[in-house]
Amino acid sequence: MKTLVLGGGVVGVTTAYFLAKAGHEVTVLEEKDGLGQEATGGNAGIIAPGHSFAWASPRAPRMLLESLRGAETAIRVRLAPDLGFYTWGLRFLRECTAARARRNTLIKLRLCQYSQAVMNELVRRESIEYHAIARGALYLYRDPAELEAGTKKMALLAEHGQKQEILDAREVAKLDPVFEPVRDKIAGAIRDVGDSSGDSRVFVENLARVCREKLGVAVRLGVRVTGLHADGDRIDAAVTSAGVLSADSYVLALGVGAPRVARTAGVSLPVYPAKGYSSTFPLRAGGLAPTVPGVDERWLVGWSRLGDRLRLTSTAEFAGYDWSWTPRDFNNILRLARDLFPDAADYDRGEYRACLRPMTPDGPPILGLGLHRNLFFNAGHGHMGWTMACGTARIVADLMTGRMPEIGLEGLTVRR
Ligand SMILES: Cc1cc2nc3c(=O)[nH]c(=O)nc-3n(C[C@H](O)[C@H](O)[C@H](O)COP(=O)(O)OP(=O)(O)OC[C@H]3O[C@@H](n4cnc5c(N)ncnc54)[C@H](O)[C@@H]3O)c2cc1C
0 MKTLVLGGGV VGVTTAYFLA KAGHEVTVLE EKDGLGQEAT GGNAGIIAPG HSFAWASPRA
60 PRMLLESLRG AETAIRVRLA PDLGFYTWGL RFLRECTAAR ARRNTLIKLR LCQYSQAVMN
120 ELVRRESIEY HAIARGALYL YRDPAELEAG TKKMALLAEH GQKQEILDAR EVAKLDPVFE
180 PVRDKIAGAI RDVGDSSGDS RVFVENLARV CREKLGVAVR LGVRVTGLHA DGDRIDAAVT
240 SAGVLSADSY VLALGVGAPR VARTAGVSLP VYPAKGYSST FPLRAGGLAP TVPGVDERWL
300 VGWSRLGDRL RLTSTAEFAG YDWSWTPRDF NNILRLARDL FPDAADYDRG EYRACLRPMT
360 PDGPPILGLG LHRNLFFNAG HGHMGWTMAC GTARIVADLM TGRMPEIGLE GLTVRR
């Protein structure tokens with residue numbers, strides 16, 4: 000069975016791996032000149048079932064409204080004449096009830112937990128190096144009332160299998176000495192013990208090497224997919240910058256590029272970009288740098304140590320397909336870095352970029368079949384795609400090879 004996997008991010012490459020393991024003859028098509036250079040190359044690096052909360056929550060509509068009034072909220076919106084955003088936005092608002100937020104959170108949590116188990120097994124079997132740190136993740140609070148509210152919120156995940164510890168400032172500093180000099184600036188943290196971190200771009204490069212060398216996967220870089228050609232209920236070709244390419248089956252794993260390509264085959268995918276800002280700094284020799292990944296729950300900046308670099312990311316902005324940024328967009332990241340980790344990295348030598356999360360209105364990704372019998376989706380992983388990639392890849396490969404996925408798929412947009 001010949002399969003074209005469209006997209007060479009963490010979702011595409013993990014899918015290629017599981018399909019090749021199941022005997023498919025796989026080719027990955029990627030428009031960039033390297034793998035994992037889009038969202039996969041800019042994320043915060045946290046593998047975080049403990050961060051599964053749905054963005055569409057009862058708090059979100061107010062936040063969006065305040066953002067329209069100019070406030071610096073966690074989720075922001077920039078209105079533009081883009082019908083796609085309004086259609087997506089209405090579906091997002093519909094998901095903002097307490098009941099739906101809980102349901103969507105638990106669906107995401109289940110996928111994340113499963114994915115972590117699949118990833119651990121894959122990493123062990125193939126000896127994949129990716130600057131992994133398995134010391135949990137810290138959800139950090141500046142004030143005791145916020146810590147208490149956070150603890151109540153996190154209880155939902157604890158009730159569903161996440162092991163958590165509530166730490167005061169002294170215990171946080173004991174776990175990660177980077178906080179010792181700034182203990183008075185924090186109230187404490189919730190540590191999700193099972194979370195971890197690592198560099199998803201390095202993971203993708205190393206897994207792709209296994210795919211090529213052990214499993215015969217072909218990776219074609221610099222190939223842009225411009226459309227799909229449908230014939231009745233089948234796709235018979237992908238139209239690309241390298242010509243028209245045919246296969247028996249196709250997997251759409253293009254991140255935020257997925258809806259545009261799906262549309263050419265008459266499929267409407269509810270995936271919309273949420274822009275985030277990502278910065279990476281070289282660690283300073285002898286400096287005190289974080290050893291546990293985390294998120295500052297007040298300033299909403301995430302951090303993790305990726306080898307000899309420190310990655311910090313922030314912000315979710317609905318601004319369409321816009322990769323632009325200005326130095327001002329990094330003000331809160333730099334403020335946090337200098338506030339909590341003043342000595343960790345060389346902040347004058349940062350690499351800055353914006354990247355786009357492929358968001359669905361409810362949160363969980365879109366997996367499996369749509370209108371066509373041989374076009375499979377693995378798209379819309381939103382803010383959790385590094386965490387979910389291995390699990391969703393395994394699920395999609397199982398669906399494509401007639402195997403029963405190992406977890407129930409209730410609540411997911413999926414057809415077999
Ligand atoms: C700021 C930020 C922080 C994040 N932090 C975390 C985190 O801590 N933990 C976590 O789990 N997740 C995190 N995420 C989310 C995660 O990075 C994404 O969900 C994940 O990378 C999505 O993977 P993907 O392969 O679907 O998309 P991508 O990585 O974007 O890959 C899609 C690929 O398809 C290619 N492509 C697109 N269109 C075409 C086309 N027409 N033809 C050919 N190729 C095409 C692109 O070049 C790209 O390489 C974060 C995201 C952002 C933006």
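Residue 0 is where the sequence shown starts when you use numbering that gives the first Met the number 0, and the numbers rise one by one after that. All residues carry an ideal CB built from backbone N, CA and C; glycine is no exception.
Query: Would residue 174 pass as a contact of residue 190 if the rule is Cβ separation under 8 Å?; Result: yes
Query: Decide if the segment 300-313 is in contact with the segment 275-287; the criterion is three or more beta carbon pairs, one per stretch, under 8 Å apart.; Result: yes
Query: Suppose the cutoff is 8 Å on Cβ atoms and the five residues either side in sequence are ignored; what does the same chain contact list for residue 403 look like?; Result: 397
Query: Is the segment 34-51 touching the segment 350-360, taking contact as three or more C-beta pairs under 8 Å?; Result: yes
Query: Nearest CA to the CA of residue 351: which residue from 319, 286, 386 and 276?; Result: 276
Query: With a Cβ-Cβ cutoff of 8 Å, do residue 254 and residue 8 count as a contact?; Result: yes
Query: State the start and end residues of the unbroken beta strand (DSSP E) segment that holds residue 163.; Result: 163-167
Query: Would you please state the rounded distance, in angstroms, between the beta carbons of residue 146 and residue 49? I believe it to be under 8 Å.; Result: Actually they are not in contact, since the Cβ atoms of residue 146 and residue 49 sit about 15 Å apart, beyond 8 Å.
Query: Count the other CB atoms within 10 Å of the CB of residue 260; is the residue buried (16 or more) or exposed (fewer)?; Result: buried
Query: Is it the case that the Cβ atoms of residue 236 and residue 245 are separated by a distance below 8 Å?; Result: yes
Query: What ranges does the alpha helix (DSSP H) occupy inside the segment 179-238, keeping only unbroken runs of at least 4 residues that lie completely in it?; Result: 199-214
Query: Measure the alpha-carbon distance for residue 181 versus residue 348 and round it to whole angstroms.; Result: 23 Å
Query: In whole angstroms, what is the alpha-carbon distance linking residue 207 and residue 201?; Result: 10 Å
Query: Whole angstroms is fine: what's the gap from residue 251's alpha carbon to residue 103's?; Result: 23 Å
Query: Thinking C-alpha only, which one of 385, 170 and 296 is nearest residue 118?; Result: 385
Query: Beta-carbon separation of residue 377 and residue 233 under 8 Å?; Result: no
Query: Over what stretch of residues does the alpha helix (DSSP H) that includes residue 176 continue unbroken?; Result: First-last for residue 176: undefined, no H or E at that position.
Query: Within a Cβ cutoff of 8 Å, which residues of the same chain sit near residue 415, ignoring the five residues on either side of it in sequence?; Result: Its pLDDT being 46, under 50, residue 415 is placed unreliably in this model, and the value from its coordinates should be taken loosely. Counting only Cβ-Cβ distances below 8 Å, and skipping sequence neighbours, we find 367, 368 and 398.
Query: Quick one: is the Cβ of residue 159 within less than 7 Å of any heavy atom of ligand 1?; Result: no
Query: Pull up the DSSP beta-bridge partners for residue 273, would you.; Result: 356
Query: Grab me the residues of residue 75's own chain with a C-beta within less than 6 Å of its C-beta, minus the 5 sequence neighbours each way, in chain order.; Result: 66 and 316
Query: Measure the Cβ-Cβ separation of residue 55 and residue 361 and say whether it is below 8 Å.; Result: yes
Query: Whole angstroms is fine: what's the gap from residue 379's alpha carbon to residue 78's?; Result: 22 Å
Query: How far does the alpha helix (DSSP H) with residue 145 in it extend, from its first residue to its last?; Result: 143-158
Query: Would you give the residue range spanned by the beta strand (DSSP E) that residue 377 belongs to?; Result: 374-378
Query: Residue 223: beta carbon under 7 Å from a heavy atom of ligand 1?; Result: yes
Query: Taking the beta strand (DSSP E) that residue 301 belongs to, which residues open and close that run?; Result: 300-305
Query: Name the residue from 391, 381 and 363 whose alpha carbon lies nearest to the alpha carbon of residue 105.; Result: 363
Query: Restricting to runs no shorter than 4 residues, where is the alpha helix (DSSP H) found entirely within the segment 71-156?; Result: 82-93 and 97-125
Query: Can you tell which of 130, 150 and 132 has the C-alpha that lies nearest to the C-alpha of residue 138?; Result: 150
Query: Could you have a look at residue 313 and say whether DSSP puts it in helix, strand or coil?; Result: strand
Query: Look at the alpha carbon of residue 3 and the alpha carbon of residue 16, and state the distance between them as a whole number of angstroms.; Result: 12 Å
Query: According to DSSP, which residues form a beta bridge with residue 344?; Result: 282
Query: Nearer than 7 Å: is that true of the beta carbon of residue 383 relative to any heavy atom of ligand 1?; Result: yes
Query: Using the C-alpha atoms, what's the distance from residue 196 back to residue 345?; Result: 21 Å
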